[in-house]
Amino acid sequence: MDSEHSVIQRFKNNGQGHVFGFWDELGDGERSNLLAQTEEIGLGEITHLYETLIRNPGDSLIDMSELKPAPFIKLEKSPGEEVIWTEAKLAGEEALRSGEVAAFTVAGGQGTRLGFDGPKGTFPVTPVLRHSLFQVFAEKLRAAEANYHCLIPWFIMTSHANHEAIEAFFSDHGFFGLKPEQVHFFRQGRMPAVDHDGRILLESKSSVAMSPDGHGGSLRALVRSGAIDTMEKAGIKVISYFQVDNPLVHCVDAAFIGFHLLRGSEMSSRMIPKAYSDEKLGHFCYENGKLVVIEYSDMPTALISRMDADGQLTFRAGSIAIHVLSTAFARRLGDGGSGIVLPFHRADKKVVTIDEDGNSVAPGAANGIKFEMFVFDALPFAKNPIVVETSRIDEFSPVKNAEGVDSPRTCQEDQLRQIARWLHVAGVSIETDETGLPSIGIEVSPLFGYDEDTFVRSWQMLDPKPRIVDGLVLK
Ligand code: UTP
Numbered sequence: 005m006d007s008e009h010s011v012i013q014r015f016k017n018n019g020q021g022h023v024f025g026f027w028d029e030l031g032d033g034e035r036s037n038l039l040a041q042t043e044e045i046g047l048g049e050i051t052h053l054y055e056t057l058i059r060n061p062g063d064s065l066i067d068m069s070e071l072k073p074a075p076f077i078k079l080e081k082s083p084g085e086e087v088i089w090t091e092a093k094l095a096g097e098e099a100l101r102s103g104e105v106a107a108f109t110v111a112g113g114q115g116t117r118l119g120f121d122g123p124k125g126t127f128p129v130t131p132v133l134r135h136s137l138f139q140v141f142a143e144k145l146r147a148a149e150a151n152y153h154c155l156i157p158w159f160i161m162t163s164h165a166n167h168e169a170i171e172a173f174f175s176d177h178g179f180f181g182l183k184p185e186q187v188h189f190f191r192q193g194r195m196p197a198v199d200h201d202g203r204i205l206l207e208s209k210s211s212v213a214m215s216p217d218g219h220g221g222s223l224r225a226l227v228r229s230g231a232i233d234t235m236e237k238a239g240i241k242v243i244s245y246f247q248v249d250n251p252l253v254h255c256v257d258a259a260f261i262g263f264h265l266l267r268g269s270e271m272s273s274r275m276i277p278k279a280y281s282d283e284k285l286g287h288f289c290y291e292n293g294k295l296v297v298i299e300y301s302d303m304p305t306a307l308i309s310r311m312d313a314d315g316q317l318t319f320r321a322g323s324i325a326i327h328v329l330s331t332a333f334a335r336r337l338g339d340g341g342s343g344i345v346l347p348f349h350r351a352d353k354k355v356v357t358i359d360e361d362g363n364s365v366a367p368g369a370a371n372g373i374k375f376e377m378f379v380f381d382a383l384p385f386a387k388n389p390i391v392v393e394t395s396r397i398d399e400f401s402p403v404k405n406a407e408g409v410d411s412p413r414t415c416q417e418d419q420l421r422q423i424a425r426w427l428h429v430a431g432v433s434i435e436t437d438e439t440g441l442p443s444i445g446i447e448v449s450p451l452f453g454y455d456e457d458t459f460v461r462s463w464q465m466l467d468p469k470p471r472i473v474d475g476l477v478l479k
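Take any residue in the sequence shown, count from 1 to its spot, add 4: that is its number in the working numbering.
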């Protein structure tokens, strides 16, 4: 560790001396807190990000004129497609049975839009019992373990802000029936926020305004935390990556994993066709022969709304942040040794900070810039990356906002519609509105059924069948 004097000097030399502006007023504990935080900050990196993303952002590095829609493996519809889906499912099941698959949840986000008081994974998401997102995923993993007679280690990336709360939540809930030693928590890295002149923002006199370095930080956090060593020791070859906000996700999907393995892919992604041109999903594209995701906000409007002759959006493959990565690829990108470093993106946000006198300021508008990496930026570096379609109604309903689209209400309704569809396939009709939403609340634990097949199988075994009433829980 550098001596305190040399750290302070380094900040002064880089025009960031104000970070230690209240040094003389701080007690010992506060000083060591500030020093520990500043040790994490790469000042050269901050200067570079200021120059390239704030002062002189320049044009996008993506050549928009070269963009082509990315091809994807379509959902099974025709007999030819059925065969490849069956082969993929068998290959994925084999990998699961052999214990080569780990689940990986990125849960380090700040969840500002939802505004829930606690880590997002602890949010009560289910329609009747109000079980948490973490419980839903844990039960899905337990169900898959029972199905494939295997152990699925679960890696959860947290942030400095929510790590202890997440660990405590799992231990207070008995790890939701999983073995404590199969659940691995590790913190992601963080970055300081800066103002529009590139000056590092202080959160208080003794702390920098730090925030998580984005879901793309997961690759280097896997390596730095030692999680990837743990995976390799356990013989894990495939990492099934999903976000903490989507309870419909198939945490480990045999067919998706199978496609990834059979095609020799290092990173594979799921897509859904966009519902309408302005839907705010990233677009899977090819740029100069490389698979890339272009964010909604970076894509020219003319391309977003371009139509094919058959009336479909040309760039319709939307990214829903579900990926499979090979462990070796995650290591190669995460340790930076290959010379590949994921780029940072800027996000203009409201950052709670202090003024020159040290008084706290809660900004009314965006006053700061945070730097984040995105995991999909790894795709162009992967060998044979593939995109595989999935069904929106069966796999995607995230909780992002407190109200409106992608909110707790829409997510609960999507869970209820799914249960009504499964009951229908099992031969039970229940009253729904024209969108398929039932008028009563029902909950199905993933341990009873986590997809149509497993649900119908369990339902058929029930004897006697329960009456379908408001508040029915199947577990
Ligand atoms: P979002 O982009 O939805 O961000 O994260 P968020 O932080 O959860 O919510 P807002 O934008 O503040 O409202 C997508 C996924 O990536 C994870 C989140 O936990 C979520 O699972 N994530 C995001 C991280 O793990 N770390 C990050 O630094 C950012």
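Glycine is no exception: its CB is placed at the ideal position from the N, C-alpha and C atoms.
Close Cβ partners of Ser215 (< 7 Å) along its chain, the five nearest in sequence each way excluded = In the sequence shown, the residue the question calls residue 215 occupies position 211. Leaving aside the five residues that flank Ser215 on each side, the residues in its chain whose CB is nearer than 7 Å to its CB run, in chain order, Gln114, Arg194, Met195, Ala197 and Lys374.
Ala74 to Ile12, Cα distance in whole Å? Within the sequence shown, numbered from 1, the residue matching residue 74 stands at position 70. Within the sequence shown, numbered from 1, the residue matching residue 12 stands at position 8. Using only the alpha carbons, I get a separation of about 49 Å.
Let me know the secondary structure DSSP gives Asp381 once reduced to three states.
Taking the first residue of the sequence shown as position 1, residue 381 is located at position 377. The answer is helix: DSSP assigns Asp381 an H, G or I state.
inquiry  = Please report the distance separating the alpha-carbon of Phe246 from that of Ser323.
reply    = Walking along the sequence shown from the start, residue 246 turns up at place 242. Walking along the sequence shown from the start, residue 323 turns up at place 319. Near 12 Å, if we compare the C-alpha coordinates of Ser323 and Phe246.
Among Glu143, Gly341 and Ala321, which residue has its Cα nearest to the Cα of Val392?
Reading the sequence shown from its first residue, position 388 is the one you call residue 392. Per the C-alpha coordinates, the member of Glu143, Gly341 and Ala321 positioned closest to Val392 is Ala321.
- Task: Over the uninterrupted alpha helix (DSSP H) stretch that includes His264, give me the two end residues.
- Result: Counting from 1 along the sequence shown, the entry for residue 264 is found at position 260. Counting along the chain, His264 sits inside the alpha helix (DSSP H) bounded by residues Ala258 to Leu266.
query = Looking only at its own chain, which residues have a Cβ that is under 7 Å from the Cβ of Ser208, when we skip the five neighbours before and after it?
reply = As a working note, residue 208 is residue 204 in the sequence shown. Excluding positions up to five away in sequence, the list reads Ile358.
**Request:** Between the Cα of Arg203 and those of Thr162, Gly19 and Leu57, spot the shortest distance and give me the residue it belongs to.
**Result:** Residue 203 sits at position 199 when you count from the first residue of the sequence shown. Ranking Thr162, Gly19 and Leu57 by Cα distance to Arg203 puts Gly19 first.
Note to self: Give me the residue from Phe348, Ser36, Phe452 and Ser309 with the minimum Cα distance to Ser210.
What the structure shows: The residue given as residue 210 occupies position 206 in the sequence shown. That would be Ser36, whose Cα lies nearest to the Cα of Ser210.
- Task: Kindly give me the distance between the Cβ atoms of Pro442 and Leu420, rounded to whole angstroms, as I take these residues to be in contact under 8 Å.
- Result: For the purposes of this step, residue 442 is taken as residue 438 along the sequence shown, with counting starting at 1. For the purposes of this step, residue 420 is taken as residue 416 along the sequence shown, with counting starting at 1. Indeed they touch by this definition, with Cβ atoms about 5 Å apart.
Starting from His188, follow the beta strand (DSSP E) in both directions and report where the run begins and ends. Within the sequence shown, residue 188 is the residue found at index 184, counting from 1. Counting along the chain, the beta strand (DSSP E) containing His188 begins and ends at Val187 to Arg191.
In whole angstroms, what separates the C-alpha of Asp474 from that of Asp249? The sequence position of residue 474 within the sequence shown is 470, counting from 1. The sequence position of residue 249 within the sequence shown is 245, counting from 1. Distance between the alpha carbons of Asp474 and Asp249: 26 Å.
Within 8 Å: the Cβ of Asp217 and any heavy atom of the ligand UTP?
Sequence index remark: in the sequence shown, residue 217 carries index 213 (1-based). The ligand UTP approaches Asp217 closely enough that one of its heavy atoms is under 8 Å from the residue's Cβ.
To the nearest angstrom, how far is the alpha carbon of Val355 from that of Ala92?
For the purposes of this step, residue 355 is taken as residue 351 along the sequence shown, with counting starting at 1. For the purposes of this step, residue 92 is taken as residue 88 along the sequence shown, with counting starting at 1. Distance from the CA atom of Val355 to the CA atom of Ala92, rounded to whole angstroms, is 46 Å.
Point to revise | Same chain, Cβ closer than 7 Å to Ser222, five either side skipped, listed in chain order | key: The count along the sequence shown starts at 1 and reaches residue 222 at position 218. Excluding sequence neighbours, Ser222 sits near Val110, Met161, Gln192 and Val379.
Quick one: does the C-beta of Gly113 sit closer than 8 Å to a heavy atom of the ligand UTP? What you label residue 113 is simply residue 109 of the sequence shown in a count that begins at 1. Answer for Gly113: yes, Cβ within range of the ligand UTP.
query: Whose CA, out of Ala142, Pro367, Leu71 and Gly96, lies closest to the CA of Asp352?
result: In the sequence shown, residue 352 corresponds to position 348, counting from 1. Answer by Cα proximity: Pro367.
**Message:** Less than 9 Å between the beta carbons of Ile397 and Leu427, yes or no?
**Reply:** Walking along the sequence shown from the start, residue 397 turns up at place 393. Walking along the sequence shown from the start, residue 427 turns up at place 423. Contact flag unset, no.
Touch check for the segment 429–440 and the segment 275–288: three-plus C-beta pairs under 8 Å?
-> Because the criterion of three Cβ pairs below 8 Å is not met, the segment 429–440 and the segment 275–288 do not touch.
For the 8 Å Cβ check, are there 3 or more pairs between the segment 140–150 and the segment 165–183?
Yes, the segment 140–150 is in contact with the segment 165–183.
Closest by CA to Glu447, which one among Arg101, Thr130, Met465 and Phe263? In the sequence shown, the residue the question calls residue 447 occupies position 443. It is Thr130.
Applying the criterion that 16 or more other CB atoms from any shown protein chain within 10 Å of the CB defines a buried residue, is Met465 buried or exposed?
-> In the sequence shown, residue 465 corresponds to position 461, counting from 1. Exposed is the call here.
Buried or exposed, going by whether 16 or more other CB atoms sit within 10 Å of the CB of Ser273? By 1-based counting over the sequence shown, the position of residue 273 is 269. Answer is buried; the Cβ neighbour count reaches 16.
* Asked: What number of angstroms, rounded off, separates the C-alpha of Phe120 from the C-alpha of Phe173?
  -> Translated into positions along the sequence shown, residue 120 becomes position 116. Translated into positions along the sequence shown, residue 173 becomes position 169. Cα to Cα, Phe120 sits roughly 15 Å from Phe173.
Using a threshold of 8 Å, is the CB atom of Met161 nearer than that to any non-hydrogen atom of the ligand UTP? Residue 161 sits at position 157 when you count from the first residue of the sequence shown. Within the cutoff, so yes.
Cβ separation of Lys78 and Glu70, assumed to be a contact under 8 Å, to the nearest whole Å: In the sequence shown, the residue the question calls residue 78 occupies position 74. In the sequence shown, the residue the question calls residue 70 occupies position 66. With 8 Å as the limit, Lys78 and Glu70 do not qualify as a contact, their Cβ atoms being about 24 Å apart.
Relative to the alpha-carbon of Ile298, which residue among Gly48, His9 and Lys72 has its alpha-carbon at the smallest distance? Indexing the sequence shown from 1 puts residue 298 at position 294. Ile298 has its Cα closest to that of Lys72, out of Gly48, His9 and Lys72.
Check whether the Cβ of Lys124 sits closer than 8 Å to any heavy atom of the ligand UTP, and report yes or no. Position 120 of the sequence shown, counting from 1, holds the residue named residue 124. Flag set: Cβ of Lys124 near the ligand UTP.
| said: Extract the residue ranges of the alpha helix (DSSP H) inside the segment 224–251, only unbroken runs of 4 or more that lie entirely within it. | reply: Counting whole runs of 4 or more residues, the segment 224–251 contains the alpha helix (DSSP H) stretches 231–237.
Notebook entry, point to check: At a cut of 8 Å, does the segment 97–107 reach the segment 251–265 through at least three beta carbon pairs?
Noted result: Yes, they touch.
Fill in: For Ala147 and Pro450, the rounded distance between their alpha carbons
Reading the sequence shown from its first residue, position 446 is the one you call residue 450. Reading the sequence shown from its first residue, position 143 is the one you call residue 147. Pro450 and Ala147 have their C-alpha atoms some 7 Å from each other.
request  = Have a look at Gly338, Pro347 and Met275 and flag the residue whose alpha-carbon is nearest the alpha-carbon of Ser399.
outcome  = On the sequence shown, position 395 is the one that residue 399 refers to. Looking at the sequence shown, residue 399 is not Ser but Glu. Nearest neighbour of Glu399 by Cα position, chosen from Gly338, Pro347 and Met275, turns out to be Met275.
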